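Contents: one structure, followed by commentary.
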Amino acid sequence: MTDGKKVSIKIQSLREQIEEHNYYYHVLDKPVITDADYDRLFRELQSLEHEYPQFIVPQSPTQRVGSKPLEGFSQIKHDIPMLSLSNAFSTDDVFAFVKRIKDRLNIENEVEFIAEPKLDGLAVSIIYENGNLIQAATRGDGTTGEDITANVKTIKTVPLKLRGDFAGTRIEVRGEVIMTHQGFAELNRQQDEQETGKRYVNPRNAAAGSLRQLDPAITAVRPLEMYFYSLDQYHGVDSQLETQLDKLKLMKNAGLRVNPHTEVVADAEGCVAVHQQLAELRESLAYDIDGIVYKVNKLDYQQSLGFVARAPRWALAHKFPAQEETTIVNSIEVQVGRTGAITPVARLEPVFVGGVTVSNATLHNKSEIERLDVRVGDTVIIRRAGDVIPEVVEVIKNKRPKSAKPFVFPTSCPVCDSEVVYDSSEIIARCSGGLFCSAQLKEGMKHFVSRKAMDIDGLGSKLIEQLVDTKTIHTVADIYKLDKPTIAGLERMADKSAQNLMDAIEKSKTSTLARFLYALGINHVGETTAQALANHFTELNSLMHADQEELESIEDIGPIVAQSIVNFFNEQHNLDVINELLESGIDWPVTEKIQVSEDNTFNGKTVVLTGTLSMPREQAKATIVNLGGKVTSSVSKNTDFVIVGDNPGSKAAKAEKLGVEIIDETVFREYANLNIRSS
Ligand code: JCF
């Protein structure tokens with residue numbers, strides 16, 4: 006075989022592996038390799054393609070950002086119009102819809118439906134020829150849309166190539182491009198940081214703005230995702246498709262992600278039940294949905310029902326209550342947080358939005374107030390999405406009272422009068438008072454006693470405020486000096502509750518190093534970082550003396566976090582408080598040092614992990630390393646053991662072929678427990 010041939014086979018194999026892992030990750034939501042292993046495959050393909058550019062094809066997973074910035078978007082006429090959906094706002098509307106369908110079909114029996122969440126994003130149509138993505142378009146006016154092929158190709162949940170044999174076919178699929186709440190928040194955070202002066206008002210606008218970039222390289226770094234909901238053309242596909250569900254299954258097998266909350270229901274009651282379930286789930290979903298879509302399942306029925314005006318007769322969008330409402334700003338106040346950050350808040354005329362009454366909305370920061378130009382007395386549109394704090398989206402300027410004056414952002418802290426200072430981006434305002442500021446002190450204490458920190462049950466916000474305001478306590482260490490008569494002397498404190506609080510304080514003294522570190526409220530040290538620090542140092546003293554370099558050597562700790570930790574332990578005041586806390590008896594069990602017998606099975610062996618393990622991969626790796634073994638990512642004849650979890654992929658098959666010993670995860674667990682003894 007020529008070298009060229011060998012390289013081309015290797016490239017082909019890498020592409021197939023990457024595509025298969027994309028499918029496991031994006032469509033099945035069950036990755037079978039680590040991100041690091043995936044990255045390795047990807048980089049190997051990139052470097053081979055770099056060396057042998059003659060083998061690059063547009064469908065290669067490396068070619069998502071292929072083209073240069075466009076001059077403008079060209080128009081694409083849809084083969085089949087992209088219709089909208091008829092809307093329903095009540096269960097009565099749904100029953101009427103189902104009755105109309107049964108009447109029209111002239112049948113007595115119940116009609117099956119597919120129910121799925123209606124995603125609040127942008128409809129996109131994609132054409133695959135011979136299984137390759139060749140075109141993507143927006144809905145536009147339904148007849149003609151814009152060619153956004155280059156941008157859509159950058160979305161990782163959109164396969165560039167379909168799975169399976171699609172030679173000789175032309176397929177059109179449609180779906181919704183969305184941005185998750187998390188992606189949206191992160192994007193706005195970056196927009197703030199880069200001082201673009203532009204914040205997106207909601208995930209849908211952010212998705213739209215990201216899709217309409219002329220430079221696909223910008224779209225590529227935006228957190229866009231896609232769910233597919235319809236198969237509109239399938240020329241050359243020889244499967245027998247009888248239902249909407251068959252279509253969705255075909256799509257899913259082809260690597261097109263279908264929303265996991267999609268269900269077949271037997272009748273109108275079933276439709277309404279899904280609406281109710283998802284209305285409750287709505288808060289916890291990672292993205293916005295604005296209702297449920299019902300579609301007649303049988304394709305024959307869809308065909309005979311046809312269309313009215315611009316919507317199919319066989320589909321309905323059953324909407325949820327709005328997440329945006331208008332109300333009036335009664336006042337604007339600023340709040341001082343634990344780190345001194347000053348957040349402006351709009352106090353609102355209470356309004357019912359997305360199922361709850363809202364009377365406050367965050368205004369984020371000074372520049373956001375300026376951008377919105379929000380004033381006391383203004384009528385505003387507020388938005389409440391998921392479980393995030395409601396925010397002001399827009400001011401309705403023509404409803405502004407004549408007397409409304411621009412809001413003046415304070416130059417001194419409203420609580421302690423210290424000067425307000427700004428971070429380097431000039432966006433985040435902070436009170437410079439530190440613990441001299443009673444607001445910062447109170448917030449720091451609330452954090453210290455919170456459930457994931459020292460977990461002092463019964464020491465709520467109101468009590469902390471009283472204790473600070475009456476100057477009973479000055480630092481978190483003072484909490485442990487409280488006596489029962491002092492507590493009982495506070496407002497609304499009976500003898501019994503004073504005793505309970507004393508007990509809770511006492512109980513909190515037995516803690517863990519991770520909790521204690523988290524409780525200290527070191528800037529940038531959240532729960533996960535605190536745990537990582539505790540794992541690494543196992544005791545407090547060496548952490549307190551660690552330098553920047555050692556801290557940065559810990560996985561996931563970067564220079565900013567490391568610097569913040571060093572600064573914290575350089576501050577004499579903090580050391581004093583820590584000493585007092587330890588003197589008052591706060592303690593934690595010493596992390597057990599692991600002792601391993603050298604003749605254990607894994608000592609000196611090379612091990613590969615595959616499939617979904619019930620323990621975090623890092624933990625499995627650490628266990629093997631503790632036993633003296635080595636963990637590698639791919640199976641070869643040098644591999645000694647392959648440990649398999651659920652849904653093992655190609656690695657288990659390869660191990661079998663090479664005769665490498667395969668160990669079930671449960672067996673591994675038992676083994677690891679037997680071989681690790683604490684000293
Ligand atoms: O999730 C959506 N926004 C969505 C829109 C879902 C669907 O199944 C749709 C749609 C628009 C038209 N189906 C049609 C026919």
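So the number in my numbering is just where the residue sits in the sequence shown, counting from 1, plus 5. Note that CB positions come from ideal geometry on N, CA and C, so glycine has one too. Note that the coordinates shown come from a computational prediction; the quantities given were computed from them, not determined experimentally.
Cβ of residue i within 6 Å of any heavy atom in the ligand JCF?
i	result
A320	yes
E511	no
V298	yes
E181	yes
Y234	yes
K252	no
L304	no
L90	yes
L124	yes
Straight-line CA distance for residue i to residue j?
i	j	result
H323	L283	11 Å
Q22	P228	24 Å
E181	Y234	8 Å
V363	R456	26 Å
V647	H550	40 Å
R68	L253	A small fix is needed here, since residue 68 is Gln in this sequence, not Arg. Those two C-alpha atoms are separated by around 27 Å.
D651	G616	5 Å
T517	L538	12 Å
P564	E544	22 Å
F94	N575	60 Å
N302	D251	9 Å
S336	L468	27 Å
I223	S437	37 Å
Y427	Q17	53 Å
A503	L472	13 Å
G633	D669	19 Å
S72	I153	12 Å
R352	I433	20 Å
M256	E675	41 Å
V385	T332	6 Å
E532	N365	28 Å
N137	V356	49 Å
E597	F542	For E597, the pLDDT reaches just 48, beneath the cut-off of 50, and the residue's location in the model is therefore unreliable, leaving the point undetermined.
L580	K626	35 Å
K203	S91	34 Å
S13	E49	13 Å
V420	F47	53 Å
Thinking C-beta only, is residue j closer than 7 Å to residue i?
i	j	result
A120	I347	no
K610	D561	no
N528	S569	yes
L618	K642	no
V62	I131	no
F607	I591	no
R388	E329	yes
E585	A519	no
V397	V379	yes
Y232	R262	yes
P406	I294	no
G360	P326	yes
L192	A172	no
S721	A314	Shown here, the chain extends from 6 to 684; a query on residue 721 therefore has no answer.
Contact defined as beta carbons within less than 8 Å: I believe residue i pairs with residue j. What is the distance between those atoms, to the nearest angstrom?
i	j	result
R343	E448	4 Å
Q553	A567	5 Å
Y29	V37	5 Å
M87	G147	5 Å
M507	K489	5 Å
D383	V400	5 Å
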